[in-house]
Each structure stands twice: as structure tokens, then as C-alpha cells.
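Input: a single structure, listed below in C-alpha cells.
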Amino acid sequence: MSAAVAEHDDHDDHHHDDHDHGPAKGLLRWIITTNHKDIGTLYLLFALAMFFVGGSMAMVIRAELFEPGLQFVDPAFFNSMTTMHALVMVFGAVMPAFVGLANWQIPLMIGAADMALPRMNNMSFWMLVAGVLLLASTLFMEGGAPNGGWTLYPPLVLQPITVGKALPFAIFSVHLLGISSIMGAINIIATILNMRAPAMRLMDMPLFVWTWLITAFLLIAVMPVFAGAVTMLLTDKFFHTSFFNAAGGGDPVLYEHIFWFFGHPEVYIMILPTFGVASTIIPVFARKPLFGYASMVWATASIAFLSFIVWAHHMFTVGMPIAGELYFMYATMIIAVPTGVKVFNWTATMWKGAMTFETPMLFSVAFVVLFTMGGFTGLMMAIAPADFQYHDTYFIVAHFHYTLVPASIFILMAAGYFWLPKWTGHMYNEKIGQLHFWLSAISVNILFFPQHFLGLAGMPRRIPDYAIQFADWNMISSIGGFIFGASQLLFLYIVIDTIKGGTGEKVSDEVWEDAAKHGLEWTLPSPVPYHTWITPPTTVPTEHVLDIH
Amino acid sequence: MNKVKQLFASLILAALGLGTAQADYTLNLMKGVTKVSNDIYDLHMLILWICVIIGVIVFGAMFYSIYHHRKSKGHQAAQFHENTTIEIIWTIIPTLILVAMAIPATKTMLELNNVNESDMTIQVTGKQWYWDYKYLNTDIHFESHLDEASEKSHRTMGADPRLVPHYLLNVDKPLVIPIKTKVRFVLTSADVIHSWWVPDLGWKKDANPGFINEAWTLVDKPGTYRGQCTELCGRDHGFMPIVVIAMEQPDYDAWVKKTLEQQKQKPDLSDQTREQLMAHGESVYLKNCVGCHQIKGAGVPGLIPALTGSAIATGKWESLDGFLRAGTSKMPKFDKLNGKEFAELMTYVRNNLGNNVGDELQPKQTALPDDDDE
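Sequence order for the protein chains is F and R. For the first sequence, counting from 1, position 409 maps to 409 in the working numbering; every step adds exactly one. For the second sequence, counting from 1, position 342 maps to 1342 in the working numbering; every step adds exactly one.
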């Protein structure tokens, strides 16, 4: 590669490289590729497919909960659906989608020719596929897929009458997914720290790059913890250890502590890159620099740090000493400060802008509003005594879905609309995009807002059937769910349509008005050539950091 | 006689229930019936209003901006992107709000945690899938299962749960406590993690196997308060409700007396007709076996063996009897059942659920000498 670069530099001043070989021909291209754009595409398409798989499971859940009584599924299968829905969405859809975005965008945004470790990049993708397929295969095993919740709490998940043959397969799948994530994270860190254009200092990097750098460190820190926890489950089950078995001197609550030491950073792994994308999109459509760039970076780093020291707020009712309850309550409340800074910064970025509302901006604004609502309920749950009521009810379900669906998922949609024209050179159909947005934004609230009421009224989560007084809001929530699910088919249509040619309109290099002021990727041709930044750019957009220079 | 009473009572309840147990559009947390639950409600409202006010300010500014600062209105974009003063302000103000919020929250947390000076203690043991209540320092000890009407309804595809009073929130034997008395709970579990929650009392607490948690309540108002298990505990997690009845002290004393007398009663070992054996056997089955072996005895493929056609269930009754009393690594032992219940259960299992052994067992056959002690 370096030889090719050197040769290239000698003969050509432009960063087009017409003489370089393109991708391998045929299907093999997608299997052996080491190109960051191809791997990014693979990640994104795989995540989209898993989004529909996990979504179908959610449809099963909402169909069963449409009315009280059991209509469609057995309670154990229902539990498998909630478990698999979570695992598929977290490890199969949201995380891979952000890794896909990182693959596509980080090299383009920092002026690097590719990811630092291209072969490992290929391997981490295919290991992800193997992991998710292994997980999905448990659906067809004797005794069904894991049904002890995505948290896999012992002793339930180790019980022979609860989980059949699936457990070791699910655990091995977690190992594969963990290795895949760690390799992805190493690659991202290596790329960002080593391959930036010489002109780009750390405090010049776009926020998406910053948030991913921090997220990658979180991944490296916590994925091994999760792998360790599930390995302990494995030895408890098959090798007669007693890590989590009180009869042998262990403690089931120990697992909860280990799991959430992983689990809390994990939820931030899904939201920090979301913040990065939002901070990238909003300035472009407000035609203003991002407000408070430096404070955004520090807020992200603070949130990442805090994520390691608040885990037991997932376990307020587990029976902790009072000092523990109070400490975890205070620590959790502090997270509201840097998160608030971010929301204020986005609002200030919009303030006195010259805004237009194309689909990516619509999704981003909806993200700011609806994520903030999820943040508010998060603050409510931080109040430990109040959490004694909220814990493990639909209030919690509403909370984390607000921070994941109209936040992470909406921003992934926004990113799709924002960068697809750049990647493909085709414009998506704005009318259908707007229709997709409005249907999604309205139905997601019909789906999740009533779940706050259900939780406050006393409906526990993870139940297939419920008392009559919960019937009305559940039916409304299910209707919202079906509309939301169906609306996502529009997104599938738009993605396919745009790849095939979209509106036929020729998009400019900038795609969006003055976008080149905001990011390096907009200075490249549309569609982006197969190889980019063979010669690193000599200047980088620093509109957002004017005062620092 | 008892059956007739139960039927009558449930009919009346159903008639009342049709008016009251309908779906409603409850929006907010309940205040509950204890001081702590009211404190928690106040905390909930305080933090909710703080969030609403912040939301109105932030979203108000955002929507003002969205409406006025748009390109289509000819608004020119300003180019500011930093303002140290305002950034310090919007870091400090939320911090102050949080500190103010932490003070009442800490007070309530300390109160919730104070189990001292209680007047009585009840041991709560979560089991798949019912609750076991033991009044410490007394002989009162009973199990609390989902009531039979809900049990049958939720296990019948297409049954209308609206016809069942307090569907899924009713039990056969509720927990009874006196009002104006500090009741301490010690919670544990016999199998997996459960969580004991009655919203009107204001808290939930996990029941962890091998460990003991503590909690307390002091109810001011007589009444019936309902809740559910809130930690996923397997296939029937949704079907192990909690009912607490709080009574005036004299009523409670009468209940204690009656319960102790009932517990001392020896099982009636007189012969029953086949119909009686089968009907009672179904009740025993619904309470003890159905969670795993399912309503038709089909079990769960790959996890739980079927009773239909099972060699153990349809073999010699003496070996079935021994099997049930001993349990296995997967199945708990059922030596808690008395001779009468064994006769009823075995007759039911051997002649229903797709089996047809054709025998009938009488309580006198299955009773062991020490069954009389129960």
C-alpha cells in the first residue's frame, strides 16, 4: 500500500486515482474486501437486515400484548422474543450500524486512505455475522432460544427447565460478538490516532470522530468484562463452579454487578456515536458552526467516564447497603449535567441559524427532543427511592426505548439520508423521506409514550399477559408499534431506490449547501471514488474551532 | 360446602368486578397507603415538574428558533459558536437543581432503609411461581398462588379475561397484615431471583436465592392492595401476583385465630367419589404442577417431560407417589402435599391429561402416618 501511495504521489497531484485497481469482481468482492467503504456497506446492510429481524420480534411482542389474555404465543416463547429482540437489536443492529458508519466516515472525515488495519476490519465483520447467525440458530434448538432476558441473569438462565440447549451457543455467540467489537474498536482507535491528515489536530476532528474514539475505548474496556461474566455462567453450568450459586458459596447478585459494569457503558456505546452524528448534521442544516465544540468533546468524555461508576443504578432494589444506594444515586444524577450541556449546545447551534428541514435535519431535531425526554425519565429513575416504584416496570421500558429508538435509530436514519447521496452519487426521494419521518416520529410516540403510564400504573415488564386495567394503553401502544414497524419499510425502499439511482438528480460534491465548510468528506467527488485520500488533504475545515486557532 | 361458598363469592365479585375492573386510562403513579409511598409520590412529582419546566424552556427556545430562524423566512445565519458565560451558567444551574433534589431523595432513602423497631416480621419466599409467607415467631405459614379463575383463563387460548375478577391480580390466600403496625419483611427465594412489589406500599425488593433482604411497611388504611413479581423468573413470571389485605387490629387478631385453627385441622381422609377426586385433583394440579407440565400435561419439548403417556405417571401408583415425594434434580419434591391431596392429584393425573389408567386412589391409601401432623 505504501509503495502504491509513494508512486501515486510522484505522478499525480490530484487525489483521483484512475490507474488504481478497483474492487474484485462479483460476489467475491464482498467476502475478501479490505476496503473501508465496502466493509462499511456490509456492516450497514447487515445492520439494516437485523433491524428488520429484531423488529419482527418486537411485532410478535406487541401482537401478544395487543389484548389481555394469551392469543398467539406461549409465555416461554414470549420471553425468548424479548430476550432475542434485545440481543439482536443491540449486538446485531445498532452497534454494527455505528461501526458501519465509522468505517465509511472516519477515513473520509480525517483524510485517511483507509482504516489502519484493513484485514482485521474484514475479519471483525465476518465474525459479527458468525456470532449473530449462531445466536439466531438457537431459535431452532430444542427448548428454544434463550429466554432469561438479554441480561442473562443466573440462576434463571442456568435452570434446566428454563433454557434448553441454547445457552452454550448463546454464550459462544457473545464471545464472537465481543471479539468482533474489540477488533473494530482497536481499528478505529488506531485509525484515528495514526492516520489523520497532518493538518488535523485532535481538537480539529469532527465530533463524530471524537465520539467514536471515546466509544472505542469504552468497548475495549467493557466487552471483556461481559465475556468474563458469561464465561463464569458457562463454568457454573457445565464445570460445577459456584460463582453465582449461593449453595456453593457464590452470589447471584455478583453477576448483576459484573453484567451492569459492562451494561451501563454498553448503553453509552450505543448513544455516544449518536451524539456525534447529530453534532455533524445539525450545523450543516442550521448553516452555522457547532456551538461549544470543546464543551461537546469534554461532555462526551465526562459521560464516558461516569458510565463506569454508576452501574448499580440498574439494581437499586437488589438489596444494597444504604451507602451504596446513596452513592449510586448521586453519581447517576451527575450524568444529567454533561448530557444537559449537549442538549443546550444543539439548541444553541440551531439558534439564529438559517435552518432548512430536509429529512436528515428532521430526524436530528426529533432526536434532540425525544432523546431529551428519555433523559428526563432517566433523571427521574436516578432518584433511588422513586426507582423503587419505577424499577422493572413499563416506565423503564419506555425510558430506554426513548433513548434508543427515537435517538440512536432516528440518528442512524438521519445518517443514512445525510450520507447516502455522497456514497452513491444519487439523491433520495425527499417526499418519501419526509413521509417516512413523519410516520416514524408520530408512531414512535404512540408506541412508547403510553408505556410511561402503564409503568406508573403498575405494569411490570417482561410479562406476556396483564391485568385488565392495562388493556387500553397496551392496545394503543401496539397500534403505534405496528404503524412504526410498517413505516420502516419505506426506509428500506428508499435505500434500495437511492442505490439504484434515486431521483436521477445529479448531486454535487457538496450535496448539501456549504457542507464543505463542515467536513472533509464533502470536498470529495460524489459518488465517492473507491479509493480516497491517497494523498492526505493539506487543509481541513476548522469552522467549528475558529477561536481555538 | 366450601366450594359453594367460593363459587357464590366469586359470582358476587364478578358482578362487582364488571363495573370496576374495567380498563382505565390511569396516567400517574399511585400515592399509595403508607407515609413512605406518599414521600416517594412527592419526590416523583417534584422531579417530574422540574423536568417539565426544563423541557418547556429548552423545547420552547428550540421551537421558537425552528419557527423564526429558518432560511425560507430569509433569516441570515449568525456565526457565533461559543459563549463561555452562558456555558458556565447552564452547567452550574442544573448542578444546583440536582443538589436540591438530592436532599429530599436522601431523606426518603434513609427512611425506606430503616427496618428497626418493627412490631412483627414476615418472611417472604419467592418460588416458581408463587409466594410463600411465614409469620415469624408464630405458626402461620402458607402459600399464595394465583387464583384458579385467572389460572384457568390464561391457560385457555381465546378465553375472555374480562370475565375474571381481578384477572392475574388475585390469589387464593392473600397476605394479611394489621394496620398502624410496622411490619418488617425478610425476603428470599427458593430458586431464581424474584421481586416483591405492591405499588401501594411504595417499594419493591428483590428476593435473591441464598440471601436475605429486608424491607418494611406501615399501612394506615385498611384495604386490599395488589401487586406482582417484577423480576423475570421464568415462563410464569407474569402469573405470580401479590395480594395484601390490611386490617384493623381486632379483625387481624380474628384472622390469626382462624388461620391457626385451620392450619391445625387434619386433612379429611374419608373416601370420595370419582368425580370429587378428579375435581379436587384438578385444583391440586393447577396449583402445583401446571406451571411446568402445562394445562394438558404436554410438558415443554426439550425442557419439561410430558405427563401424557408418561411411564412414571401411568405406572404403579406407589412408585409415582414415591417419585413425587422425593423430587428430582429438575423437579422439587412435593412432600408438602398431604395424603388427601396425593390421592386427588394422582387420580387426576392418571385419568386425565390424555391418560386413562382407570384406577382411583382414596386418601386412606396414600396417607402416610406423618401426614396427620400437617
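C-beta atoms are modelled at their ideal positions from N, C-alpha and C, and glycine is treated no differently.
Residues of its chain near residue i, where Cβ-Cβ distance is below 7 Å and the 5 sequence neighbours each way are ignored
{"i": "residue 1049 of chain R", "result": "none"}
{"i": "residue 89 of chain F", "result": "54"}
{"i": "residue 1283 of chain R", "result": "1148"}
{"i": "residue 1030 of chain R", "result": "1199, 1200"}
CB contact check: residue i to chain R, cutoff 7 Å
{"i": "residue 531 of chain F", "result": "no"}
{"i": "residue 457 of chain F", "result": "yes"}
{"i": "residue 275 of chain F", "result": "no"}
{"i": "residue 351 of chain F", "result": "yes"}
{"i": "residue 430 of chain F", "result": "no"}
{"i": "residue 322 of chain F", "result": "yes"}
{"i": "residue 142 of chain F", "result": "yes"}
{"i": "residue 201 of chain F", "result": "no"}
Separation of residue j from residue i, as counted between CA atoms
{"i": "residue 1127 of chain R", "j": "residue 345 of chain F", "result": "50 Å"}
{"i": "residue 366 of chain F", "j": "residue 405 of chain F", "result": "11 Å"}
{"i": "residue 42 of chain F", "j": "residue 1351 of chain R", "result": "59 Å"}
{"i": "residue 353 of chain F", "j": "residue 1062 of chain R", "result": "11 Å"}
{"i": "residue 126 of chain F", "j": "residue 188 of chain F", "result": "17 Å"}
{"i": "residue 1112 of chain R", "j": "residue 1106 of chain R", "result": "10 Å"}
{"i": "residue 1343 of chain R", "j": "residue 1272 of chain R", "result": "10 Å"}
{"i": "residue 282 of chain F", "j": "residue 230 of chain F", "result": "40 Å"}
{"i": "residue 1115 of chain R", "j": "residue 1130 of chain R", "result": "25 Å"}
{"i": "residue 380 of chain F", "j": "residue 395 of chain F", "result": "10 Å"}
{"i": "residue 1054 of chain R", "j": "residue 81 of chain F", "result": "37 Å"}
{"i": "residue 1023 of chain R", "j": "residue 1169 of chain R", "result": "No answer about residue 1023 of chain R holds up, because its pLDDT of 49 lies below 50 and its placement is not dependable."}
{"i": "residue 272 of chain F", "j": "residue 148 of chain F", "result": "28 Å"}
{"i": "residue 1210 of chain R", "j": "residue 1028 of chain R", "result": "36 Å"}
{"i": "residue 211 of chain F", "j": "residue 362 of chain F", "result": "22 Å"}
Test: residue i CB closer than 7 Å to a CB of chain F
{"i": "residue 1302 of chain R", "result": "yes"}
{"i": "residue 1062 of chain R", "result": "yes"}
{"i": "residue 1023 of chain R", "result": "Note that residue 1023 of chain R has pLDDT 49, beneath the 50 cutoff, so the model's placement of it is unreliable and no number is given."}
{"i": "residue 1219 of chain R", "result": "no"}
{"i": "residue 1090 of chain R", "result": "yes"}
{"i": "residue 1314 of chain R", "result": "no"}
{"i": "residue 1047 of chain R", "result": "yes"}
{"i": "residue 1282 of chain R", "result": "no"}
{"i": "residue 1289 of chain R", "result": "no"}
{"i": "residue 1203 of chain R", "result": "yes"}
{"i": "residue 1206 of chain R", "result": "yes"}
Within 7 Å, strictly: CB atoms of residue i and residue j
{"i": "residue 542 of chain F", "j": "residue 204 of chain F", "result": "yes"}
{"i": "residue 1269 of chain R", "j": "residue 1340 of chain R", "result": "yes"}
{"i": "residue 1120 of chain R", "j": "residue 1176 of chain R", "result": "no"}
{"i": "residue 993 of chain R", "j": "residue 1143 of chain R", "result": "Nothing can be reported for residue 993 of chain R, as the shown portion of chain R is limited to 1001 through 1374."}
{"i": "residue 385 of chain F", "j": "residue 1217 of chain R", "result": "no"}
{"i": "residue 206 of chain F", "j": "residue 280 of chain F", "result": "yes"}
{"i": "residue 317 of chain F", "j": "residue 1206 of chain R", "result": "yes"}
{"i": "residue 47 of chain F", "j": "residue 96 of chain F", "result": "yes"}
{"i": "residue 1314 of chain R", "j": "residue 1288 of chain R", "result": "no"}
{"i": "residue 398 of chain F", "j": "residue 448 of chain F", "result": "yes"}
{"i": "residue 36 of chain F", "j": "residue 107 of chain F", "result": "yes"}
Cutoff 8 Å; reference residue i; Cβ partners in own chain excluding five residues on either side
{"i": "residue 1159 of chain R", "result": "1152, 1153"}
{"i": "residue 33 of chain F", "result": "23, 24, 39, 42, 122"}
{"i": "residue 161 of chain F", "result": "none"}
Span of the beta strand (DSSP E), counted from its first residue to its last, around residue i
{"i": "residue 1217 of chain R", "result": "1213 to 1217"}
{"i": "residue 1205 of chain R", "result": "1203 to 1207"}
{"i": "residue 585 of chain F", "result": "This structure cannot settle anything about residue 585 of chain F, because the visible part of chain F is limited to 1 through 549."}
{"i": "residue 1225 of chain R", "result": "1223 to 1229"}
{"i": "residue 1123 of chain R", "result": "1120 to 1127"}
{"i": "residue 327 of chain F", "result": "Note, residue 327 of chain F: premise wrong, no beta strand (DSSP E); alpha helix (DSSP H) at 322 to 334."}
Own chain, CB closer than 6 Å to residue i, minus 5 neighbours either side, in chain order
{"i": "residue 1192 of chain R", "result": "1233"}
{"i": "residue 146 of chain F", "result": "83, 163, 166, 170"}
{"i": "residue 450 of chain F", "result": "473, 476, 477"}
{"i": "residue 150 of chain F", "result": "83, 86, 87"}
{"i": "residue 455 of chain F", "result": "393, 394, 395"}
{"i": "residue 464 of chain F", "result": "64, 75, 78"}
CB contact check: residue i to chain A, cutoff 7 Å
{"i": "residue 1306 of chain R", "result": "In the structure shown, chain A does not exist; the protein chains are F and R."}
Where the alpha helix (DSSP H) through residue i begins and ends
{"i": "residue 1340 of chain R", "result": "1339 to 1351"}
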